[in-house]
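>
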Amino acid sequence: MASFTATTTPKDTFHEEGRRISFLMEDATTIYKGDLVRINADGYAVSREDAAVGDMFAGMACETVVNAGAVGAKSILVDTEGVFQVFKATAAITDIGSHAVCSTGGTADPQTVTCAAAAYTAVGIPGNTDAVVVGTVVGRVLDPLTKVADATRLWVKLLSLQQIKLS
Amino acid sequence: MAYGDTHATARDPMYRDGQVIAFEMAAAKIYKGDIVRVDTTEGYANSADDLSAGDMCVGVALDTVDNSLGSAGDKKILVDTEGVISLLKGTPAKTDAGTWALQATTNQQTVTSGAIETTGTVTVGAILGIAEDDMTATKLSATRVAVYLLTMRQAKTA
């Protein structure tokens, strides 16, 4: 059986908190504050190109950046943790506990999610491997005075950087 | 083809930290320390009803709230969704470390230990080891394990 080569020296492991991460952007791309940002198979941040195999959800854009230049010419700050309000058509109480997934593109909107059952996977990460999982729906958006639920918005706890779209 | 331009503008996404989340409750009583689940067929937090398909662990209750005389959604429960928490487990063992903590079927504050491939259960988190207890000679708890919460990732499938 193979074994590790023995380490003989200590090493400084550099650390960042990771709550807000800067990603290099795809070329000819605009990402708006509030967009759901994905890292595509080329390794660059996008939000408005169709969801494709290899995409991984990175988080919520916390600024607007226009990259009219080449790939990686600009970077975008992305919030990777926390609970955010996102748009969803016909938000309902039964959405709570479902996974929020990126819409696939076409005429869809990059600040809007759909909901899918939170399928089991053997390794315990979010299911729905054919989709880009944004997070888990944790609540309805209630009007503070009337307690009436907003019909088009939900609270979603982000599950960023955990799963790649497989198909 | 690219996405549509319905929201081709910047917006301020309303934000919360997410460590502690308030969930709308079913018509039930949830005790502090209960492992809280959301039944996705209903969307409300509960802890005492039998495990069923669609259940997802959302965390551990931070307080006791009684909504048993109300209607679903009348009250909310604060739930701790992240971190390492000491949870009850029958006969904790060193070999529990590295296994899944699964919601027990008989008690809402207790976990069992499961293999990583276990299906049809509600996963609470990963067991880090036997919980510490300074009151014992071994400094290890006889009733609790330390669990790294992995909430809101998977729902019970069967």
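Top line first, the protein sequences correspond to chains F and G. Going by numbering that gives the first Met the number 0, the first sequence opens with residue 0, and the numbers climb by one from there. Going by numbering that gives the first Met the number 0, the second sequence opens with residue 0, and the numbers climb by one from there. We put the CB at the ideal spot given by N, CA and C, even for glycine. Since the structure is predicted, the reported quantities are computational estimates derived from the model, not experimental observations.
1) Do residue 51 of chain F and residue 164 of chain F come within 8 Å of each other at the CB atom, strictly closer than that value?
2) My output table needs one value for residue 93 of chain G: the three-state DSSP class, helix, strand or coil.
3) Using Cβ-Cβ distances below 9 Å, what residues of the segment 31-53 of chain G are close to chain F?
4) Could you work out which residues of chain F lie near residue 9 of chain G, taking near to mean beta carbons separated by less than 7 Å?
5) Here's the rule: buried if 16 or more other CB atoms are within 10 angstroms of the residue's CB, otherwise exposed. What is residue 88 of chain G?
6) How many angstroms separate the CA atom of residue 130 of chain G from the CA atom of residue 96 of chain G?
7) So, is residue 65 of chain F buried or exposed, given that buried needs 16 or more other C-beta atoms within 10 angstroms?
8) To the nearest angstrom, how far is the alpha carbon of residue 114 of chain F from that of residue 69 of chain F?
9) Is the segment 34-52 of chain G in contact with the segment 132-142 of chain G, if contact means three or more CB pairs nearer than 8 Å?
10) Look at residue 58 of chain G and residue 148 of chain G and say whether their C-beta atoms are less than 8 Å apart.
11) By the criterion of Cβ-Cβ separation under 8 Å, what are the contact partners of residue 147 of chain G in chain F?
12) By how many angstroms is the C-alpha of residue 82 of chain F removed from the C-alpha of residue 54 of chain F?
13) Evaluate residue 9 of chain F with the Cβ neighbour count: other Cβ atoms within 10 Å of its Cβ, from every protein chain shown; 16 or more gives buried, anything less gives exposed.
14) Quick one: Cα of residue 77 of chain G to Cα of residue 146 of chain G, how far?
This is what the structure gives:
1) To locate residue 164 of chain F, count along the first sequence from 1; it is residue 165. To locate residue 51 of chain F, count along the first sequence from 1; it is residue 52. Cβ atoms of residue 164 of chain F and residue 51 of chain F: closer than 8 Å.
2) On the second sequence, position 94 is the one that residue 93 of chain G refers to. In the structure shown, residue 93 of chain G sits in a helix (DSSP, three-state: H, G or I).
3) Residues passing the 9 Å Cβ filter: 36, 37, 38, 39, 40, 41, 42, 43, 44 and 53.
4) Along the second sequence, read from residue 1 onward, the residue named residue 9 of chain G stands at position 10. What residue 9 of chain G touches in chain F: 31, 32, 33 and 63.
5) What you label residue 88 of chain G is simply residue 89 of the second sequence in a count that begins at 1. Taking a 10 Å sphere around the C-beta of residue 88 of chain G, we find 16 or more other C-beta atoms and assign the residue as buried.
6) Taking the second sequence and counting its residues from 1, one reaches residue 130 of chain G at position 131. Taking the second sequence and counting its residues from 1, one reaches residue 96 of chain G at position 97. Taking the CA atoms as reference points, residue 130 of chain G sits about 11 Å from residue 96 of chain G.
7) Taking the first sequence and counting its residues from 1, one reaches residue 65 of chain F at position 66. The residue in question, residue 65 of chain F, is exposed, as its Cβ has fewer than 16 Cβ neighbours within 10 Å.
8) The residue labelled residue 114 of chain F in the question sits at position 115 within the first sequence. The residue labelled residue 69 of chain F in the question sits at position 70 within the first sequence. Looking at the two C-alpha atoms, the distance is approximately 34 Å.
9) Taking a cut-off of 8 Å for Cβ pairs, the segment 34-52 of chain G and the segment 132-142 of chain G do not touch, as fewer than three such pairs fall below it.
10) Counting from 1 along the second sequence, the entry for residue 58 of chain G is found at position 59. Counting from 1 along the second sequence, the entry for residue 148 of chain G is found at position 149. In contact: residue 58 of chain G and residue 148 of chain G (Cβ atoms closer than 8 Å).
11) Along the second sequence, read from residue 1 onward, the residue named residue 147 of chain G stands at position 148. Near residue 147 of chain G there are no residues of chain F at all, since even the closest Cβ is about 11 Å away, more than 8 Å.
12) Counting from one through the first sequence, the residue named residue 54 of chain F turns up at place 55. Counting from one through the first sequence, the residue named residue 82 of chain F turns up at place 83. Answer to the nearest angstrom: the Cα atoms are 21 Å apart.
13) Here residue 9 of chain F corresponds to residue number 10 of the first sequence, with the count starting at 1. Exposed, by the Cβ-count rule.
14) Position 78 of the second sequence, counted from the start, is the residue given in the question as residue 77 of chain G. Position 147 of the second sequence, counted from the start, is the residue given in the question as residue 146 of chain G. Linking residue 77 of chain G to residue 146 of chain G through their CA atoms gives a straight-line distance of about 19 Å.
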